[in-house]
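Structure record follows, encoded as structure tokens.
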Amino acid sequence: MVVNEFNNKLIIVISGQAGQGVSTVESILTSILKKNGYNVFATKEYMSRIRGGCNSSEIIVSDISINSFCDKIDILFPLDKGYSSHLLKRISRDTIMIGEKGNFYPDHENIIEIDFSSIARKLGGNIYTNIVIAGLMLGMLDTDISISEEFIQGFFGKKDNEVIKKNIEAIRSGMAEGISLKQIKINIEKKEFVKTNLLFSGTDSIALGAIAGGCNFIASYPMSPSTGVLTFLSQQSREFGIIAEQAEDEISAINMSLGASYAGARSMVTTSGGGFALMIEGVSLCGMTETPLVIHIGQRPGPATGLPTRTEQGDLEMVLYSGHGSFPRIIFAPSTLENGFCITQKAFNLADKFQIPVFILTDQYFLDTYYDIEPDTLDIPDTGNKSCIIESNLDYKRYELTINGISPRSVPGYGKGLVVVDSDEHDEIGHLTEDLDIREEMNRKRISKIEEIKKAIIPPVLLGDLNRNYVIVSWGSTFNVIAEALKNKEFKDIALMHLIQVYPLHDSIPEYLKNKTIILIENNETGQLGRLLKLEFGINIEKRILKSNGLPFSKEEIEENLRIALRS
Amino acid sequence: MVIDKHPMDDWLRKDRIPHIWCPSCGIGIVATCYIDALRASGIDRDKATVISGIGCTGRIPGYMNLDSFHTTHGRALPFATGIKLANPELNVTILSGDGDLFAIGGNHFIHAARRNIDLTVICVNNFTYGMTGGQVAPTTPMKAISATSPYGNFEHPFNLVHVASAAGAIYVARWTTLHVRRLRNAILEAMTKRGFSFIEVISPCPTSYARSNKLGTGLDIMRFYQQRSVIRHGFDPAKTDITMSSEIIVGKFVDSEKPTFTDNYEEYCKKLKENK
Ligand SMILES: Cc1ncc(C[n+]2csc(CCOP(=O)(O)OP(=O)(O)O)c2C)c(N)n1
Numbered sequence: 005m006v007v008n009e010f011n012n013k014l015i016i017v018i019s020g021q022a023g024q025g026v027s028t029v030e031s032i033l034t035s036i037l038k039k040n041g042y043n044v045f046a047t048k049e050y051m052s053r054i055r056g057g058c059n060s061s062e063i064i065v066s067d068i069s070i071n072s073f074c075d076k077i078d079i080l081f082p083l084d085k086g087y088s089s090h091l092l093k094r095i096s097r098d099t100i101m102i103g104e105k106g107n108f109y110p111d112h113e114n115i116i117e118i119d120f121s122s123i124a125r126k127l128g129g130n131i132y133t134n135i136v137i138a139g140l141m142l143g144m145l146d147t148d149i150s151i152s153e154e155f156i157q158g159f160f161g162k163k164d165n166e167v168i169k170k171n172i173e174a175i176r177s178g179m180a181e182g183i184s185l186k187q188i189k190i191n192i193e194k195k196e197f198v199k200t201n202l203l204f205s206g207t208d209s210i211a212l213g214a215i216a217g218g219c220n221f222i223a224s225y226p227m228s229p230s231t232g233v234l235t236f237l238s239q240q241s242r243e244f245g246i247i248a249e250q251a252e253d254e255i256s257a258i259n260m261s262l263g264a265s266y267a268g269a270r271s272m273v274t275t276s277g278g279g280f281a282l283m284i285e286g287v288s289l290c291g292m293t294e295t296p297l298v299i300h301i302g303q304r305p306g307p308a309t310g311l312p313t314r315t316e317q318g319d320l321e322m323v324l325y326s327g328h329g330s331f332p333r334i335i336f337a338p339s340t341l342e343n344g345f346c347i348t349q350k351a352f353n354l355a356d357k358f359q360i361p362v363f364i365l366t367d368q369y370f371l372d373t374y375y376d377i378e379p380d381t382l383d384i385p386d387t388g389n390k391s392c393i394i395e396s397n398l399d400y401k402r403y404e405l406t407i408n409g410i411s412p413r414s415v416p417g418y419g420k421g422l423v424v425v426d427s428d429e430h431d432e433i434g435h436l437t438e439d440l441d442i443r444e445e446m447n448r449k450r451i452s453k454i455e456e457i458k459k460a461i462i463p464p465v466l467l468g469d470l471n472r473n474y475v476i477v478s479w480g481s482t483f484n485v486i487a488e489a490l491k492n493k494e495f496k497d498i499a500l501m502h503l504i505q506v507y508p509l510h511d512s513i514p515e516y517l518k519n520k521t522i523i524l525i526e527n528n529e530t531g532q533l534g535r536l537l538k539l540e541f542g543i544n545i546e547k548r549i550l551k552s553n554g555l556p557f558s559k560e561e562i563e564e565n566l567r568i569a570l571r572s
Numbered sequence: 069m070v071i072d073k074h075p076m077d078d079w080l081r082k083d084r085i086p087h088i089w090c091p092s093c094g095i096g097i098v099a100t101c102y103i104d105a106l107r108a109s110g111i112d113r114d115k116a117t118v119i120s121g122i123g124c125t126g127r128i129p130g131y132m133n134l135d136s137f138h139t140t141h142g143r144a145l146p147f148a149t150g151i152k153l154a155n156p157e158l159n160v161t162i163l164s165g166d167g168d169l170f171a172i173g174g175n176h177f178i179h180a181a182r183r184n185i186d187l188t189v190i191c192v193n194n195f196t197y198g199m200t201g202g203q204v205a206p207t208t209p210m211k212a213i214s215a216t217s218p219y220g221n222f223e224h225p226f227n228l229v230h231v232a233s234a235a236g237a238i239y240v241a242r243w244t245t246l247h248v249r250r251l252r253n254a255i256l257e258a259m260t261k262r263g264f265s266f267i268e269v270i271s272p273c274p275t276s277y278a279r280s281n282k283l284g285t286g287l288d289i290m291r292f293y294q295q296r297s298v299i300r301h302g303f304d305p306a307k308t309d310i311t312m313s314s315e316i317i318v319g320k321f322v323d324s325e326k327p328t329f330t331d332n333y334e335e336y337c338k339k340l341k342e343n344k
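Heads up: the sequence lines are chains P and Z, in that order. In terms of the working numbering, the first sequence opens at residue 5 and continues consecutively. In terms of the working numbering, the second sequence opens at residue 69 and continues consecutively.
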């Protein structure tokens with residue numbers, strides 16, 4: 005018997021049709037493994053359909069956090085005989101397939117046949133198959149049955165006792181099978197502190213960050229991959245006193261959120277590129293009326309409907325230039341899930357302070373990824389959520405000219421004054437004006453806020469010392485995978501400059517890049533951040549690693565491309 | 069009897085099968101009824117065009133061996149209006165979901181009906197957003213559970229046939245996916261009639277709506293339709309609201325005549341030329 009040994013980390017992939025429960029296995033496994041003290045990471049790729057096709061989830065179990073997508077597959081559980089071409093490319097001869105006879109890829113030799121269905125049928129039906137599979141994996145690793153049982157209790161909590169009992173039996177049968185599987189030996193150390201780590205997804209990080217930022221209003225329209233933020237907040241609406249309204253479309257959604265903000269709410273919208281295209285009129289209204297708003301955009305490949313369930317960093321330029329006329333804005337692109345939480349919390353406070361639209365750019369990869377996080381890394385500044393709203397007095401002027409361009413903001417019904425707002429050009433009170441001198445003054449006032457905004461720019465994240473000859477420039481969700489690739493000793497001459505704030509840009513950037521060979525890494529076809537760096541600082545970038553097939557960069561892919569970049 | 073050819077093979081893009089719809093979803097029934105009606109209509113196949121927006125229903129044209137256009141979400145109607153203006157000879161049918169036609173596309177719907185442009189609109193109403201995972205729709209009945217109405221919907225829904233008739237549609241009918249023959253006949257009638265025709269098809273979403281509201285299996289839902297449906301031709305559309313516990317009033321509610329957009333446009337051009 006050949007024994008396959010896996011030390012320190014294991015990459016598991018589950019594949020199957022939409023509706024077969026790939027995601028269920030993923031969430032059960034990751035939760036239980038984390039509770040046992042294993043570091044876990046999971047991400048999924050799926051088709052735009054509710055049934056059929058071929059979807060897959062990757063789970064990495066490790067003894068130190070590896071929070072980045074890898075191409076390599078150690079163990080594959082095919083729940084179905086269909087394989088997408090991109091999944092096939094990842095299967096190597098070393099990949100062990102565990103599953104039922106009919107589901108193996110033809111000619112693949114490294115297989116372990118287990119008839120999950122018949123085990124499940126003995127328990128009462130095919131519906132237990134997924135739990136048996138999860139159980140098998142738990143048995144192969146060193147896990148505590150009582151943790152699994154407790155989890156199953158909670159997971160199926162709303163169902164009747166019989167269902168819970170059956171599922172516990174299913175997990176036990178799977179575990180027994182896994183323990184007896186001698187062909188695979190896994191040595192991954194568990195850590196006590198991991199047990200109490202938080203396990204959340206990118207979607208959760210944005211939604212929880214919003215709650216932490218005092219968000220009490222969201223109006224949106226469902227659009228993958230951003231919908232999860234709306235559903236999360238609507239499901240938490242009772243708990244946290246949030247108004248969560250599903251509008252009839254994105255135009256309505258952004259205007260509802262602006263209306264709520266005018267009335268004093270901390271409001272947001274969540275959408276994707278196609279939906280944001282419809283919101284752009286509202287962005288302009290936001291700019292003109294200086295109404296605070298947080299806009300979350302979960303990017304997916306465009307143009308038009310594009311690839312609804314895939315990932316891309318393709319909307320930076322649209323967001324940067326959205327809305328006619330000139331007005332300041334802030335654009336964030338969180339690098340990690342921890343960062344997504346903190347940035348979102350911060351976004352609400354900056355929107356309130358500067359009375360501008362604050363954008364958060366994530367993408368499908370970011371939103372559908374989850375891993376365990378040490379609670380301490382989620383530090384929220386002590387300043388909390390101090391509201392900038394003031395009580396108005398009788399002679400209140402909503403657009404009072406001030407030195408820094410920021411006029412004290414009041415809301416209707418709070419104080420003796422009136423809050424007059426107009427989408428037309430307006431005077432200090434807020435009344436429509438066609439006085440062209442006032443127009444110029446007001447336009448300058450709005451634009452001048454940028455000076456104050458610049459004082460608060462988040463500097464780029466730097467990895468590696470400054471003497472290195474190469475610097476990678478990247479932004480948003482690619483951080484973890486690039487950082488993981490850079491652990492490889494081959495790349496000791498490469499540093500990383502990663503942007504979390506992509507607009508306005510921190511003025512230290514050109515200094516860092518001086519006399520270096522720059523390697524731009526972006527999950528889009530044209531290098532949108534690269535173009536912005538050229539525009540803002542005149543920086544020229546020769547080496548570019550770009551990708552727009554709808555999938556995220558894998559660690560191996562980054563490594564491979566960096567090797568090419570170093571050679572050429 | 070064993071046949072080696074599906075009777076609709078010629079009308080379907082076989083290479084695109086298997087389709088994406090869930091078992092016991094009603095969308096396939098609507099697609100079949102449309103093809104059957106088109107065949108019976110004698111309309112030249114080269115003159116038939118199917119248009120849709122985005123959603124599970126919006127995927128229908130992709131499986132048909134006809135000229136087709138899958139537009140962006142909500143935009144099927146203005147797009148179809150453009151087709152009909154540019155080439156009035158085409159027989160244009162729109163097949164889309166309730167969210168697509170009445171939420172994001174609601175404004176377009178009332179204006180297309182107002183113009184009485186010669187289009188046939190078939191709306192698959194499954195009371196939810198199927199494609200995006202079962203969120204609340206403008207048709208979701210009060211109290212119904214969805215991903216974005218976790219404690220029960222509290223918004224008044226649209227009564228689609230009422231909206232259509234009030235906005236000016238000259239043909240308005242409602243059937244369920246149980247009423248296959250009547251639905252097929254209604255489509256035939258609507259597509260051969262000049263002017264803006266609207267057919268609402270009540271259809272199950274087994275994965276989202278039925279599950280979150282405990283409506284049972286596909287068969288249970290068919291039984292539900294059988295028990296709840298009441299045929300009332302010519303009934304006042306204003307009185308046909310659907311709630312979670314009401315009857316489902318089905319039938320042909322409006323069948324009238326009025327000059328179409330194209331008629332008026334031709335008339336207008338003629339006048340302009342005469343007065344030159
Ligand atoms: C501008 C825009 N916003 C949102 C979406 C996401 N989206 C795709 S389909 C859909 C709703 C589908 O519901 P419905 O029209 O009722 O059709 P069904 O899937 O139920 O057949 C939504 C919101 C999109 N594609 N484009």
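Glycine included, C-beta positions come from ideal geometry on N, C-alpha and C. Small disclaimer: the values here were computed from a predicted structure and weren't measured.
What are the residues that DSSP puts in a beta bridge with Leu503 (chain P)?
For the purposes of this step, residue 503 (chain P) is identified with residue 499 of the first sequence, where counting begins at 1. DSSP lists P:Trp479 as partners of Leu503 (chain P).
Within-8 Å CB hit, Thr133 (chain P) to chain Z
Against the first sequence, residue 133 (chain P) aligns to sequence position 129. For Thr133 (chain P), the answer is no, since every Cβ of chain Z falls outside 8 Å of its Cβ.
By the criterion of Cβ-Cβ separation under 8 Å, what are the contact partners of Val204 (chain Z) in chain P?
If you number the second sequence from 1, residue 204 (chain Z) lands on position 136. In chain order: Gln250.
Rounding to the nearest angstrom, what Cα-Cα distance links Cys346 (chain P) and Tyr131 (chain Z) in this structure?
To locate residue 346 (chain P), count along the first sequence from 1; it is residue 342. To locate residue 131 (chain Z), count along the second sequence from 1; it is residue 63. Taking the straight line joining both Cα atoms gives about 46 Å.
Would Leu14 (chain P) and Ile183 (chain P) be called neighbours here (beta carbons separated by less than 8 Å)?
Numbered from its first residue, the first sequence carries residue 14 (chain P) at position 10. Numbered from its first residue, the first sequence carries residue 183 (chain P) at position 179. Not in contact: Leu14 (chain P) and Ile183 (chain P) (Cβ atoms no closer than 8 Å).
Interface residues of chain Z around Thr207 (chain P) at Cβ under 7 Å?
Here residue 207 (chain P) is taken as the residue at index 203 of the first sequence, counted from 1. Under the 7 Å cutoff, chain Z gives no residues; its nearest Cβ is about 12 Å from Thr207 (chain P).
Helix, strand or coil for Gly129 (chain P)? Go by DSSP, reduced to three states.
Numbered from its first residue, the first sequence carries residue 129 (chain P) at position 125. Here Gly129 (chain P) sits in coil by DSSP.
Determine the burial state of Val26 (chain P): buried for a count of at least 16 other Cβ atoms within 10 Å of its Cβ, exposed for fewer.
Taking the first residue of the first sequence as 1, we reach residue 26 (chain P) at position 22. Under this definition Val26 (chain P) is a buried residue.
Using the C-alpha atoms, what's the distance from Arg262 (chain Z) back to Ile103 (chain Z)?
Here residue 103 (chain Z) is taken as the residue at index 35 of the second sequence, counted from 1. Here residue 262 (chain Z) is taken as the residue at index 194 of the second sequence, counted from 1. If you take the alpha carbons of Ile103 (chain Z) and Arg262 (chain Z), they lie about 19 Å apart.
Should Ile410 (chain P) go down as buried or exposed, given a rule of 16 or more other Cβ atoms within 10 Å for buried?
Taking the first residue of the first sequence as position 1, residue 410 (chain P) is located at position 406. The residue is buried, with at least 16 neighbouring Cβ atoms inside 10 Å.
So, is the C-beta of Ala489 (chain P) closer than 8 Å to a C-beta in chain Z?
The sequence position of residue 489 (chain P) within the first sequence is 485, counting from 1. It does not; no Cβ of chain Z falls within 8 Å.
Use the C-beta contact count for Ala222 (chain Z): other C-beta atoms within 10 angstroms, 16 or more gives buried, fewer gives exposed.
As a first step, residue 222 (chain Z) must be located in the second sequence, where it is residue number 154. The sequence as given places Phe at residue 222 (chain Z); Ala does not occur at that position. Counting Cβ neighbours within 10 Å, Phe222 (chain Z) comes out exposed, since fewer than 16 surround it.
Which chain Z residues sit within Cβ distance under 8 Å of Pro82 (chain P)?
Locating residue 82 (chain P) in the first sequence gives position 78, counting from the first residue. Here the premise fails: no neighbours, minimum Cβ distance about 18 Å.
Going by C-alpha distance, which of P:Lys493, P:Lys93, P:Tyr403, P:Ser19 is nearest Asp426 (chain P)?
Here residue 426 (chain P) corresponds to residue number 422 of the first sequence, with the count starting at 1. Here the closest residue by C-alpha is P:Tyr403.
Kindly identify the DSSP beta-bridge partner or partners of Phe137 (chain Z).
Your numbering for residue 137 (chain Z) matches position 69 in the second sequence. DSSP lists Z:Ile119 as partners of Phe137 (chain Z).
Could you tell me if Met260 (chain P) is buried or exposed, where buried requires 16 or more neighbouring beta carbons within 10 angstroms of its beta carbon?
Here the question's residue 260 (chain P) lines up with position 256 in the first sequence. It counts as buried.
Select from P:Val65, P:Ile545, P:Gly178, P:Gly434 the residue whose C-alpha is nearest the C-alpha of Ile446 (chain P).
For the purposes of this step, residue 446 (chain P) is taken as residue 442 along the first sequence, with counting starting at 1. It should be noted that the sequence gives Met, not Ile, for residue 446 (chain P). That would be P:Gly434, whose Cα lies nearest to the Cα of Met446 (chain P).
How would you call Ile85 (chain Z), buried or exposed, if buried means at least 16 neighbouring beta carbons within 10 angstroms?
Taking the first residue of the second sequence as 1, we reach residue 85 (chain Z) at position 17. When all chains shown are included, Ile85 (chain Z) counts as exposed.
Taking 8 Å as the threshold (beta carbon to beta carbon), is Gly96 (chain Z) in contact with chain P?
For the purposes of this step, residue 96 (chain Z) is taken as residue 28 along the second sequence, with counting starting at 1. False, the Cβ-Cβ gap to chain P never drops below 8 Å.
Runs of alpha helix (DSSP H) lying entirely within the region 384–464 of chain P, each at least 4 residues, in chain order:
440–458
Given 7 Å as the limit, tell me if Ile168 (chain Z) has its C-beta closer than that to any heavy atom belonging to ligand 1.
For the purposes of this step, residue 168 (chain Z) is taken as the residue at position 100 of the second sequence. Per the sequence presented here, residue 168 (chain Z) reads as Asp, with Ile not at that position. Asp168 (chain Z): yes, Cβ under 7 Å from ligand 1.
Here's the rule I'm using: 16 or more other beta-carbon atoms within 10 Å means buried, otherwise exposed. How should Arg127 (chain Z) be labelled?
Looking up residue 127 (chain Z) in the second sequence gives position 59. So Arg127 (chain Z) ends up on the buried side.
Inter-stretch contact (C-beta, 8 Å, three-pair minimum) for the region 531–540 of chain P and the region 489–498 of chain P:
no
CB of Val29 (chain P) within 8 Å of CB of Ser60 (chain P), strictly:
Counting from 1 along the first sequence, the entry for residue 29 (chain P) is found at position 25. Counting from 1 along the first sequence, the entry for residue 60 (chain P) is found at position 56. Not closer than 8 Å, so no.
Across the region 220–237 of chain Z and the region 85–101 of chain Z, are there enough close Cβ pairs to call them in contact, namely three or more that are closer than 8 Å?
no
Residues of the region 216–229 of chain P with a CB closer than 8 Å to any CB of chain Z: list them in chain order, please.
Tyr225, Pro226, Met227, Ser228
Between Thr285 (chain Z) and chain P, is the shortest Cβ-Cβ distance under 8 Å, so that the two count as touching?
By one-based count along the second sequence, residue 285 (chain Z) stands at place 217. By this cut-off, Thr285 (chain Z) is not an interface position.
Ile122 (chain Z) beta carbon near ligand 1 (any heavy atom closer than 7 Å):
The residue you call residue 122 (chain Z) lines up with position 54 of the second sequence. True, at least one ligand heavy atom lies under 7 Å from that Cβ.
Please state whether DSSP places Ala108 (chain Z) in a helix, a strand or coil.
For this step, residue 108 (chain Z) is matched to residue 40 along the second sequence. Ala108 (chain Z): helix per DSSP, three-state reduction.
Contact with chain P by Gly201 (chain Z), beta-carbon distance below 8 Å:
In the second sequence, counting from the first residue as 1, residue 201 (chain Z) sits at position 133. At least one chain P Cβ lies under 8 Å of Gly201 (chain Z).
Can you name the start and end residues of the alpha helix (DSSP H) that Pro82 (chain P) belongs to?
Here residue 82 (chain P) refers to the residue found at position 78 of the first sequence. Careful: Pro82 (chain P) lies outside any alpha helix (DSSP H), inside the beta strand (DSSP E) at 79–82.
Taking 8 Å as the CB-CB cut-off, is Arg242 (chain P) touching chain Z?
Position 238 of the first sequence holds residue 242 (chain P). Yes, Arg242 (chain P) lies at the interface with chain Z (some Cβ there is under 8 Å from its Cβ).
Give the range of the alpha helix (DSSP H) segment to which Met322 (chain P) is assigned.
Mapped onto the first sequence, residue 322 (chain P) falls at position 318. Residues 320–325.
Can you pull the chain Z residues whose beta carbon is under 9 Å from the beta carbon of Leu234 (chain P), in chain order?
As a first step, residue 234 (chain P) is located in the first sequence; it is residue number 230 there, counting from the start. Chain Z residues near Leu234 (chain P): Gln203, Ala215, Thr216.
Can you name, in chain order, every residue of its own chain whose Cβ lies under 7 Å from the Cβ of Asn133 (chain Z), other than the five neighbours on each side?
The count along the second sequence starts at 1 and reaches residue 133 (chain Z) at position 65. Excluding sequence neighbours, Asn133 (chain Z) sits near Asp78, Trp79, Leu80, Arg81.
First through last residue of the alpha helix (DSSP H) which encompasses Pro146 (chain Z)
If you number the second sequence from 1, residue 146 (chain Z) lands on position 78. Here the alpha helix (DSSP H) through Pro146 (chain Z) covers 144–154.
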